[in-house]
Structure formats: C-alpha cells, structure tokens
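K.L.:
Structure incoming, see below.
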Amino acid sequence: MAYYRSLGTLPKHRHTALRSDSGELLYEELMGEEGFSSDSSLLYHRGIPSALVDIRPWDVPDHTLTPNDPLAPLHLKLHDLAGAADGTDLDAVRGRRLVLGNSDVRLSYAHVNTTSPLYKSGLGDELVYVERGSALVETQFGPLEVAEGDYINIPRATIHRWVLRDGEDARLYFIEASSHIGPPRRYLSRYGQLLEHAPYCERDLRGPAELQLADPSETDVELYIKHRGSGPSGISGSIHVLPTHPFDVVGWDGCLYPWVFNVNDYMPLTGKVHQPPPSHQVFEGHNFVVCNFVPRKVDYAEGAIPVPYYHSNVDSDEVMFYVDGDYEARKGSGINKGSVSLHPGGHPHGPQPGAAEASIGKDFFDELAVMVDTFQPLSLGEAGRAVNDLSYRSSWTGGRWLGEGDR
Numbered sequence: 001m002a003y004y005r006s007l008g009t010l011p012k013h014r015h016t017a018l019r020s021d022s023g024e025l026l027y028e029e030l031m032g033e034e035g036f037s038s039d040s041s042l043l044y045h046r047g048i049p050s051a052l053v054d055i056r057p058w059d060v061p062d063h064t065l066t067p068n069d070p071l072a073p074l075h076l077k078l079h080d081l082a083g084a085a086d087g088t089d090l091d092a093v094r095g096r097r098l099v100l101g102n103s104d105v106r107l108s109y110a111h112v113n114t115t116s117p118l119y120k121s122g123l124g125d126e127l128v129y130v131e132r133g134s135a136l137v138e139t140q141f142g143p144l145e146v147a148e149g150d151y152i153n154i155p156r157a158t159i160h161r162w163v164l165r166d167g168e169d170a171r172l173y174f175i176e177a178s179s180h181i182g183p184p185r186r187y188l189s190r191y192g193q194l195l196e197h198a199p200y201c202e203r204d205l206r207g208p209a210e211l212q213l214a215d216p217s218e219t220d221v222e223l224y225i226k227h228r229g230s231g232p233s234g235i236s237g238s239i240h241v242l243p244t245h246p247f248d249v250v251g252w253d254g255c256l257y258p259w260v261f262n263v264n265d266y267m268p269l270t271g272k273v274h275q276p277p278p279s280h281q282v283f284e285g286h287n288f289v290v291c292n293f294v295p296r297k298v299d300y301a302e303g304a305i306p307v308p309y310y311h312s313n314v315d316s317d318e319v320m321f322y323v324d325g326d327y328e329a330r331k332g333s334g335i336n337k338g339s340v341s342l343h344p345g346g347h348p349h350g351p352q353p354g355a356a357e358a359s360i361g362k363d364f365f366d367e368l369a370v371m372v373d374t375f376q377p378l379s380l381g382e383a384g385r386a387v388n389d390l391s392y393r394s395s396w397t398g399g400r401w402l403g404e405g406d407r
C-alpha cells in the first residue's frame, strides 16, 4: 500500500551514487510490484544482491491437494497436528503444513519452537497470523516483533527468518497468496490513503524502525526459496547459497515493506440487525478476502437475531479459523479454539440448532476468528486430511447420518 517510509542512509536522488565510509559504491536494488507499475522500494546493499555461489534443490513440505469431493462441510482440528508440543523441533519455514488451498491461496499451520532458516516466497505475499506466542521476524528491511493477535504481511521476495527465543514457541496460521495482499480497495483513496470509513488506519500499522545489519564476514549463507515449479502441486523449492549475508541493507525507502497489524486495533462495524461478512473485512488478495470477527457489541433492533442467518455462498468457499472466545453460532458442533471450518460454495450453512433462539437478547459477542473467503474451490492439504472431523457434517441433525462417512 502506498504509505511511504525510509530508514538509514540514502542519496539525495534516486539512481545516483551512494558510497560507504571507505568510498566503495553501494548497490541499489529496486524491489517493485507489477513490472515497475505499482508499489516499490529502493534498497542500498553493501554486496551485490544477485551474487550466488551455489544452488541446490529444496524438497518443500507436501503441497498435494485433494478435492473436497464429494462436497462436504468440514471441521479440521489444527491443534491435533503434531508440532512443538510433541517435543519436535519445528520452524516456521520447513515446519508449516498445508491445510487447504487452491491456485490463488494456500492456508497452512505450524506450531514452532526453533529459529527458521532465511527464506523468501517467489509465489506471492504471505500474511501470517500469530495465534499464540511471540517471535522476532528479521527481514532485509529491518526486524519486526510479533506476538499474539498480530498479522504480519511479508511482501513477495522479502528475505526474512523467524527467530524463536530459547524455551519459547508460537502457533502460526499462514495465508500464502499467489498475488499481493493489502487493504480492500474500498477502504482506500485513489492515492492509497486509508479512508474514514475503514476499520483501521495507518497509525495502526507497524513497519521496521531500525535496520537489520548482519556480520559482513559471514559467508556461504543459505536462503530457502519457494517458487513455481513443475511438480504435481506446481510448487518447488530451491536453496541459494549466497557469498555474504543478505542483511546488508544500509538504507531503503518506498512503499513496499513488511508491516504488522494487531487484531485488537481493528474497529468492528455494527448495526441494528446482523451485518454481513464484508463489514468485517480486513485484507484482500486476488480471488480471496480476509475478515476478522472480534469481540464486539451486536445487533440492537427489537427481536434482532445476532448470530448469522443460514446462507449459501454460491460463488465462494468460506474458511473460519476459530482463535479465541465463545462461539455462539457453533455451540454443539464440536468446534473449539484451534478449529477450522470449511463451508464450500453450493452448501448452505449457518448456526447450530438452537443457537439462533439462544442468541436473541444478547448484546455482546466474545469471539475472535480469522475468516478467508475464496472465489475458487478449496481442496484439502495433507494436514487438513489428517485432522478432518468426519462427524461435523451431521452436526445440524444431531448426529443422524445414513452414510459410512469415510472418504
């Protein structure tokens, strides 16, 4: 988004010489979107940013997708996935597991407890929600602290790593796009400023405040890259070995950089009757949107039913990640903290039996969830298949089920 920042040492004009204290020419890199036609930043490096000494393949985690066929509503228990709680050392790059995905976006999850290698995505922006715990995300633009409730938006090709302190762990929910991710266009002026009706503003965004300079003597540094490939999933991995550490940026400026937004800074919109999901939107990418459901006052018209009405989103699949609180509409379904529900296009969904009646007269909902709506069907990743609660499909009929329920 077009929100200018600068850090460090810069020349007076673009594309003019900037030299180190010893007189050596520094190397300018334009990092930009849409072929020089959208947001960009200029970075000034000590070393040549394209220098390589070796290239090796990286066997990326399983990205195989299985269609949701026959069509079914799904409940996926992410906290049942193996992770750091089981004593395994996992990091946020190699330890994430694919839950759901399509060609536009992939939703992954990881419970991590160790520092990741250096990494960048060549596929698209990555939006990561911190469900629990904290970490330091070191980037070539500078470090960013993240903690529970933070989203961090990491633009495509941004070199970074997740640093976990000794004895600490974090639960992370990854929204990996094949495009860029930013505020909905309806929240922005034609010049890119967040407007008055937007539920957050630039003051709520945290960008890097200092540079991240590594030891210049460090050599043969590995960088993990996820990118388009020829395998069954269309995604491959490579390891580039760099002659020196890529955190060598002495200055940068522009409108493209990683930033953090905390869900508690989101200002929910409410009304006399139930507000539809677009009123909860926080971000968008190509062919998908991201919404927050946060603790809030709810509908206040006489006789208003605060829980959602039954609805068929015939053009989209709806994924809800239940983070915290008490979910009025889902009581009796088996859904709890750490659950993901998928309600696919073509299947009507809504509150569990009795939830609508029980909600009448409530004036506040204590719930926290992250929703992703996609405009292409979602398929199951290996993690989603591993924690699929097959009983969910019969939760609206009190468990009555005529089929065997296996796939």
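One point on numbering: in full-length UniProt numbering, the residue at position 382 of the sequence shown is 382, and numbering is uninterrupted.
Backbone N, C-alpha and C fix where the C-beta goes; we use that ideal spot for every residue, glycine too.
(1) Are the stretch 255-274 and the stretch 149-157 touching by the rule of at least three beta carbon pairs closer than 8 Å?
(2) Just curious, the beta strand (DSSP E) that SER22 is in, first and last residue?
(3) May I have the straight-line CA-CA distance separating GLY350 from SER333, to the nearest angstrom?
(4) Which partner residues does GLY237 have in the DSSP bridge list?
(5) Out of curiosity, what's the CA-to-CA distance linking SER316 and ASP215?
(6) Have a look at TRP396, ASN336, ARG393, PHE375 and flag the residue whose alpha-carbon is nearest the alpha-carbon of ASP80.
(7) What's the C-alpha gap between residue 410 and ILE305?
(8) Start and end of the alpha helix (DSSP H) containing SER395?
(9) Name the one or two DSSP bridge partners that ASN388 has.
(10) Do LEU172 and VAL128 have their C-beta atoms within less than 9 Å of each other?
(11) Return the CA-CA distance between GLU33 and SER40, expressed in angstroms with no decimal places.
(12) Considering Cα atoms alone, identify which of ILE48, ARG156, TYR224 is closest to PRO117.
(13) Note the first and the last residue of the continuous beta strand (DSSP E) segment covering ALA82.
(14) With SER359 as the anchor, note down where its alpha helix (DSSP H) starts and where it stops.
(15) Quick one, are the C-beta atoms of TYR322 and ALA369 less than 9 Å apart?
(16) Would you say ARG19 and PRO61 are within 9 Å of each other, going by their C-beta atoms?
(17) Which first and last residues belong to the beta strand (DSSP E) in which ASN262 is found?
(18) Is it buried or exposed, ALA85, if we count other Cβ atoms within 10 angstroms and call 16 or more buried?
(19) Below 7 Å CB to CB, which residues in the same chain sit around SER37 once its five sequence neighbours on both sides are set aside?
(20) Quick one: using the 10 Å Cβ neighbour count with 16 as the cut-off for buried, is PHE364 buried or exposed?
(21) Following a CB-centred definition, is PRO276 positioned closer than 8 Å to any heavy atom of the ligand GDP?
(22) Indicate the three-state DSSP secondary structure (helix, strand or coil) for TYR4 in the structure shown.
(23) Within 10 angstroms of its Cβ, does TRP162 collect 16 or more other Cβ (buried), or is it exposed?
(24) Whose C-alpha, out of ARG228, LYS226, LEU78, GLY122, is nearest the C-alpha of ARG156?
(25) Beta-carbon within less than 6 Å of ARG407's beta-carbon, same chain only, minus the 5 sequence neighbours each way: which residues are those?
(26) Take SER376 as the anchor and find which of ASP104, GLU222, GLY8, GLY87 has the nearest alpha-carbon.
(27) Rounded to a whole number of angstroms, what is the C-alpha to C-alpha distance between LEU65 and LEU100?
(28) Check SER339 in the structure and name its three-state DSSP category.
(29) Under a three-way DSSP split, which group does ARG407 fall into?
(30) Mind reading off the beta-carbon distance from ALA110 to GLY133? Whole number of angstroms is fine, and I expect it under 8 Å.
(31) From GLY398 to LEU78, what distance separates their C-alpha atoms?
(32) In the DSSP assignment, what are the bridge partners of GLN281?
(33) Under the assumption that PRO348 contacts SER312 (Cβ atoms under 8 Å), give the Cβ distance between them as a whole number of angstroms.
(34) Excluding the 5 residues flanking MET371 on each side, which residues of the same chain have their C-beta closer than 6 Å to its C-beta?
(35) Excluding the five sequence neighbours on either side, which residues of its own chain have a C-beta within less than 8 Å of the C-beta of GLY346, listed in chain order?
P.N.:
Straight from the coordinates:
(1) The stretch 255-274 is in contact with the stretch 149-157.
(2) Looking at the DSSP string, SER22 is not in any beta strand (DSSP E), and its letter there is neither H nor E.
(3) Per the coordinates, the alpha-carbon of GLY350 lies some 11 Å from the alpha-carbon of SER333.
(4) Its beta-bridge partners are TRP58, LYS226.
(5) Near 48 Å, if we compare the C-alpha coordinates of ASP215 and SER316.
(6) When each option's Cα is compared against that of ASP80, the closest is ASN336.
(7) Shown here, the chain extends from 1 to 407; a query on residue 410 therefore has no answer.
(8) Going by DSSP, SER395 is part of no alpha helix (DSSP H) at all; its letter is neither H nor E.
(9) In the DSSP secondary-structure assignment, ASN388 is bridged to LEU76.
(10) Going by C-beta atoms, LEU172 is nearer than 9 Å to VAL128.
(11) Take the alpha-carbon of GLU33 and the one of SER40: they are about 6 Å apart.
(12) If we check each option's Cα against that of PRO117, TYR224 comes out closest.
(13) Unbroken run through ALA82: none, as it is neither H nor E.
(14) First-last of the alpha helix (DSSP H) with SER359: 355-359.
(15) Yes, they are a contact pair.
(16) No. Outside cutoff.
(17) From DSSP, the beta strand (DSSP E) with ASN262 extends over 259-262.
(18) That one is exposed.
(19) Excluding sequence neighbours, SER37 sits near nothing in its chain.
(20) In summary, PHE364 is exposed, with fewer than 16 beta-carbon neighbours lying within 10 Å of its beta-carbon over all protein chains present.
(21) Absence of the ligand GDP is noted for the structure shown, with no ligands found whatsoever.
(22) In this structure, TYR4 counts as coil in the three-state DSSP scheme.
(23) With 16 or more Cβ atoms within 10 Å of its Cβ, TRP162 is classed as buried.
(24) For ARG156, the nearest C-alpha among the options comes from GLY122.
(25) The pLDDT assigned to ARG407 is 44, lower than 50, so where the model puts this residue is not dependable; a value taken from the coordinates is nonetheless given after this. Nothing meets the Cβ criterion.
(26) The amino acid occupying residue 376 in the given sequence is Gln; Ser does not appear at that position. GLN376 has its Cα closest to that of ASP104, out of ASP104, GLU222, GLY8, GLY87.
(27) LEU65 and LEU100 have their C-alpha atoms roughly 8 Å apart.
(28) Secondary structure of SER339 (DSSP, three-state): strand.
(29) Note that ARG407 has pLDDT 44, beneath the 50 cutoff, so the model's placement of it is unreliable and the number below is only indicative. In this structure, DSSP gives ARG407 a state outside helix and strand, which the three-state scheme calls coil.
(30) Going by Cβ atoms, the distance from ALA110 to GLY133 rounds to 11 Å, so no, they are not a contact pair.
(31) One Cα belongs to GLY398, the other to LEU78, and the distance between them is close to 23 Å.
(32) Answer by DSSP bridge pairing, in chain order: CYS291.
(33) Right, the Cβ-Cβ distance comes to about 4 Å (below 8 Å), so this counts as a contact.
(34) Exclusion of the five residues before and after MET371 leaves CYS291, MET320 as the residues of its chain whose Cβ lies within less than 6 Å of its Cβ.
(35) LEU71, SER312, VAL314.
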